[in-house]
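K.L.:
With the working numbering as the guide, the letters of the sequence shown map in order to residues 1483 to 1576.
Each residue gets a CB set at the ideal place from its N, CA and C atoms; glycine is no exception.
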Amino acid sequence: MQTLLNKIQDLLDVKDLDLQSKLNDFDEWDSLSMVALISFAQKYYHINISINELMACQNIQNICDLILPLGGGADKLKSSLSSISLLFSIQKSA
């Protein structure tokens, strides 16, 4: 989540960010920022979100709630841990 928050901080050109901060309070929150965030989500989280979904977000928490469950990596982490566990159990058996 920290990477996502860092990216949002960069886009909004702020040093500190509160999850409850209203997006409309930031001058930098515009269509260009939204497109940059969509591109970031595609590149780093391997998900596609629409401009309409971002426009529906009211605060920073809404953005996190939108992006992280879709591509936050929790499923990939569980899968990786299962694969590692399986690998160790196979090696123990051999």
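CA-CA distance, THR1485 and ASN1534?
P.N.:
Mapped onto the sequence shown, residue 1485 falls at position 3. Mapped onto the sequence shown, residue 1534 falls at position 52. For THR1485 and ASN1534, the distance between alpha carbons rounds to 23 Å.
K.L.:
Just to confirm my understanding: we take GLN1540, look at its own chain, exclude 5 residues before and 5 after, and list those with CB closer than 7 Å. What are they?
P.N.:
Along the sequence shown, one-based indexing puts residue 1540 at 58. LYS1504 and LEU1505.
K.L.:
What is the rounded straight-line gap between the Cα of CYS1546 and the Cα of LYS1497?
P.N.:
In the sequence shown, the residue the question calls residue 1546 occupies position 64. In the sequence shown, the residue the question calls residue 1497 occupies position 15. Computed Cα separation, rounded: 18 Å.
K.L.:
Tell whether a beta-carbon distance below 8 Å holds between ILE1531 and ILE1520.
P.N.:
Here residue 1531 refers to the residue found at position 49 when the sequence shown is read from its first residue. Here residue 1520 refers to the residue found at position 38 when the sequence shown is read from its first residue. Result yes, Cβ atoms of ILE1531 and ILE1520 sit closer than 8 Å.
K.L.:
In its own chain, which residues sit with a C-beta less than 6 Å from the C-beta of PHE1431, not counting the 5 before and 5 after it?
P.N.:
Limits of the chain in this structure are 1483 at one end and 1576 at the other, which puts residue 1431 out of reach.
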